[in-house]
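Enquirer: Just so you know, the protein sequences line up as chains U and R, in that order.
For the first sequence, position 169 (counting from the first letter as 1) is numbered 159 according to this note's numbering, and the numbering increases by one without interruption.
For the second sequence, position 153 (counting from the first letter as 1) is numbered 143 according to this note's numbering, and the numbering increases by one without interruption.
Just passing along the structure, written as structure tokens.
Protein chains: 2
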Amino acid sequence: MSLQVVAIRDAREAPIPLSQPGLSSLFDRQPLERFDAGSAVFWEGDDAAHLFQVTAGILRAVRLLSDGRRIIVGFLRPGDLLGVSLKDRYLYTVEAITPVALRRLSRRRFEEEIRRQPQLRDQLFSRLCDEMTAAQDQTVLLSRRSADEKVANFLLMMSRDEFGNCTRIVDIPMTRLDMADYLGMTIETVSRTITKLTNSGIITATGRRSMMVLKMDALRSLADGDNGETGCCQRVRDMPPHRDGLTVWKSA
Amino acid sequence: MSLQVVAIRDAREAPIPLSQPGLSSLFDRQPLERFDAGSAVFWEGDDAAHLFQVTAGILRAVRLLSDGRRIIVGFLRPGDLLGVSLKDRYLYTVEAITPVALRRLSRRRFEEEIRRQPQLRDQLFSRLCDEMTAAQDQTVLLSRRSADEKVANFLLMMSRDEFGNCTRIVDIPMTRLDMADYLGMTIETVSRTITKLTNSGIITATGRRSMMVLKMDALRSLADGDNGETGCCQRVRDMPPHRDGLTVWKSA
DNA sequence: CGGATTCTTGAGAGCTGTCAATCGTTGTGG
DNA sequence: CCACAACGATTGACAGCTCTCAAGAATCCG
């Protein structure tokens, strides 16, 4: 098979002991490279010769199906690593959504360093695992959740600042199309859902690309499901009834 | 965050040089444990004290959402590793679908061995990466594909033998409910789709739990999309028209 | 200001989920 | 051996959600 990791998230929530040099340190001395909004850092199919660390800005990782369908595999934020791979070609196109600043490292050199410093390999492994979990969560989100739940989850994701805290002001630098292709929906449904949230008084638009969450609890209960709660150790053998996760706020 | 790998697939397609002892060798001396069909190997939330290697049989990794929705994260086959984790609790329940034989290793001992033998770590890393890719492919499958495409993909997956070759005879040991919870559908839609495939002459039932593929090409073109073709390096900037991937066989 | 792009909104169709009934198989017990 | 229950699978009718197609509004940018 093949592997390519879209982004290795900076493990902000579970900080690694800082006594050791982190993966980021590999990039510290590299010069800053800037990309305009809309430009591509690399293309799907390109030779995977470099890794990048995001210093500033937001990017999207895009994959195109043969029939033209477009899928956004993930969004990249400052601190994320980009281009980690065991394949020699990039499997995704990565484009800047906002103006972006990156530091670049050759793959050869990166792998050398990883080989030389065991603690870096541990970190890489650990981050890969986080990425794995994120991918599976995304799978769950896409497979079993309604448009409302998807959008609520997305907004909560975007409302997290760099320390993982929830802010009431949410910046949405990406377009509706980006959101749609990330959530497996159409732009129309995304738009309608946001309108619905606004009409419900859960959020309010504060600008073209930003909004404020008025009822954080309502948004959370919409996002719903198993957010945060992992092991509840249920021993259900027969099929539990399928419930609609939305009734809560439909009446709001 | 959290991580837990459902299954580390045996990298059958890209065999690792056999000169070195593989991950499997760690389990070779462990006694065989048998589980009846329907029984659980471990439960979501249990202490993640052991790893398992599947010797025979098929299992499912199940996750339950708080609202009762059931998700099958993956199916496990002989050769797969099971319970690889960085967390101390299992995030999934794993149940035997058929009678199963496993070999067990304590997590402590597994991690010791991994630490001691660098080439094992490389293998683990590599498998983790494969698993990662599989998770992302699953994400794509679930987010952007119709019921027909999903089922076609599933059947192709099940038609792969242990060497990765496609066989015409397909065994489906799992129930419709398992398929549905894996594909993000309902049992009714799964059933209807299979009926449709049968009526189209693409497959035919050869037994209660097995079928034969009559038109492999048709099934493949149904499964469609970017199966196998990864980097086509398209530089499409504007949104391509969404096409129905099914018209081909609807007229068949 | 004007054009291009993005976003919103509406109407209608199609697909999938829901509810419900039936069929077929399996397994148990008389 | 048959009757019956239990379970899984199939099929039908219908509703609801999301997609599609289309038009219009809002915003951005030259």
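Glycine included, C-beta positions come from ideal geometry on N, C-alpha and C.
These numbers come from a predicted model, not from an experiment.
Consult DSSP for U/D171 and reduce its assignment to one of helix, strand or coil.
Expert: Sequence index remark: in the first sequence, residue 171 of chain U carries index 181 (1-based). It is helical.
Enquirer: Indicate whether U/I162 and U/M202 have their beta-carbon atoms separated by less than 7 Å.
Expert: Here residue 162 of chain U corresponds to residue number 172 of the first sequence, with the count starting at 1. Here residue 202 of chain U corresponds to residue number 212 of the first sequence, with the count starting at 1. No, the Cβ-Cβ distance between U/I162 and U/M202 is not below 7 Å.
Enquirer: Short of 7 Å Cβ to Cβ, which residues in the stretch 108 to 120 of chain R face chain U?
Expert: Under the 7 Å Cβ criterion, the stretch 108 to 120 of chain R contributes F115, S116, L118, C119, D120.
Enquirer: May I have a chain-ordered list of the beta strand (DSSP E) segments no shorter than 3 residues that lie completely inside the stretch 110 to 193 of chain R?
Expert: Entirely contained in the stretch 110 to 193 of chain R, the beta strand (DSSP E) runs reaching 3 residues are, in chain order, 159 to 161.
Enquirer: Looking at chain R, is there any beta carbon in it that lies within less than 7 Å of the beta carbon of U/A179?
Expert: Position 189 of the first sequence holds residue 179 of chain U. The sequence as given places Thr at residue 179 of chain U; Ala does not occur at that position. So no, U/T179 is outside the interface.
Enquirer: Assuming R/V52 and R/L92 form a contact by the criterion Cβ under 8 Å, report the distance between their Cβ atoms to the nearest whole angstrom.
Expert: On the second sequence, residue 52 of chain R is found 62 positions in, with the first residue counted as 1. On the second sequence, residue 92 of chain R is found 102 positions in, with the first residue counted as 1. Going by Cβ atoms, the distance from R/V52 to R/L92 rounds to 17 Å, so no, they are not a contact pair.
Enquirer: Return the Cβ separation of R/S81 and R/E152 in integer angstroms, given the expectation that the two are a contact with Cβ distance under 8 Å.
Expert: Mapped onto the second sequence, residue 81 of chain R falls at position 91. Mapped onto the second sequence, residue 152 of chain R falls at position 162. Position check: residue 81 of chain R holds Leu in this sequence, whereas Ser was assumed. Actually they are not in contact, since the Cβ atoms of R/L81 and R/E152 sit about 27 Å apart, beyond 8 Å.
Enquirer: Shortest alpha-carbon distance to U/L131 belongs to which of R/L209, R/R59, R/R24?
Expert: Along the first sequence, read from residue 1 onward, the residue named residue 131 of chain U stands at position 141. Considering only alpha carbons, the answer is R/R59.
Enquirer: Along the chain, where does the beta strand (DSSP E) that runs through R/L41 open and close?
Expert: Within the second sequence, residue 41 of chain R is the residue found at index 51, counting from 1. Where R/L41 is concerned, the enclosing beta strand (DSSP E) stretches over 40 to 46.
Enquirer: When you compare only the Cα positions, how much space is there between R/C223 and U/D37?
Expert: What you label residue 223 of chain R is simply residue 233 of the second sequence in a count that begins at 1. What you label residue 37 of chain U is simply residue 47 of the first sequence in a count that begins at 1. Caution is warranted here: a pLDDT of 31 is assigned to R/C223, below 50, making its placement in the model unreliable, and no coordinate value can be reported.
Enquirer: I'd like to know whether the C-beta of R/M122 is nearer than 7 Å to at least one C-beta of chain U.
Expert: As a position in the second sequence, residue 122 of chain R is number 132, starting the count at 1. With 7 Å as the cut-off, R/M122 counts as an interface residue toward chain U.
Enquirer: Give the secondary structure of U/R198 by DSSP, where H, G and I count as helix, E and B as strand, and everything else as coil.
Expert: Translated into positions along the first sequence, residue 198 of chain U becomes position 208. Coil at U/R198, not helix or strand.
Enquirer: Starting from U/R94, follow its DSSP beta bridges and name the residues at the other end.
Expert: Along the first sequence, read from residue 1 onward, the residue named residue 94 of chain U stands at position 104. Its beta-bridge partners are U/F42.
Enquirer: For the stretch 119 to 150 of chain U, enumerate the residues whose C-beta is nearer than 8 Å to any C-beta of chain R, in chain order.
Expert: The stretch 119 to 150 of chain U vs chain R, Cβ under 8 Å: C119, D120, E121, M122, T123, A124, A125, Q126, Q128, T129, V130, L132, S133, R134.
Enquirer: Helix, strand or coil for U/S75, going by three-state DSSP, please let me know.
Expert: The sequence position of residue 75 of chain U within the first sequence is 85, counting from 1. Three-state result, U/S75: strand.
Enquirer: Look up U/R105 in the DSSP assignment and say whether it is helix, strand or coil.
Expert: As a position in the first sequence, residue 105 of chain U is number 115, starting the count at 1. Three-state DSSP puts U/R105 in a helix.
Enquirer: Using 10 angstroms around the beta-carbon of U/S200, count the other beta-carbons present and answer buried if the total reaches 16, otherwise exposed.
Expert: What you label residue 200 of chain U is simply residue 210 of the first sequence in a count that begins at 1. U/S200 is exposed by the Cβ-count criterion.
Enquirer: To which residues of the same chain is R/K240 closer than 7 Å at the C-beta, ignoring the five residues directly before and after it?
Expert: Within the second sequence, residue 240 of chain R is the residue found at index 250, counting from 1. Since pLDDT at R/K240 reaches only 27, below the 50 mark, its modelled position is unreliable, and no value is offered.
Enquirer: Where does R/L209 sit, in a helix, a strand or coil, going by DSSP?
Expert: Taking the second sequence and counting its residues from 1, one reaches residue 209 of chain R at position 219. Helix.
Enquirer: Taking contact to mean 3 or more Cβ pairs, one atom from each stretch, closer than 8 Å, check whether the stretch 70 to 90 of chain R and the stretch 41 to 52 of chain R are in contact.
Expert: Because the criterion of three Cβ pairs below 8 Å is met, the stretch 70 to 90 of chain R and the stretch 41 to 52 of chain R touch.
Enquirer: Per DSSP, U/A27 is paired with what?
Expert: Here the question's residue 27 of chain U lines up with position 37 in the first sequence. In DSSP, U/A27 forms no bridge with anything.
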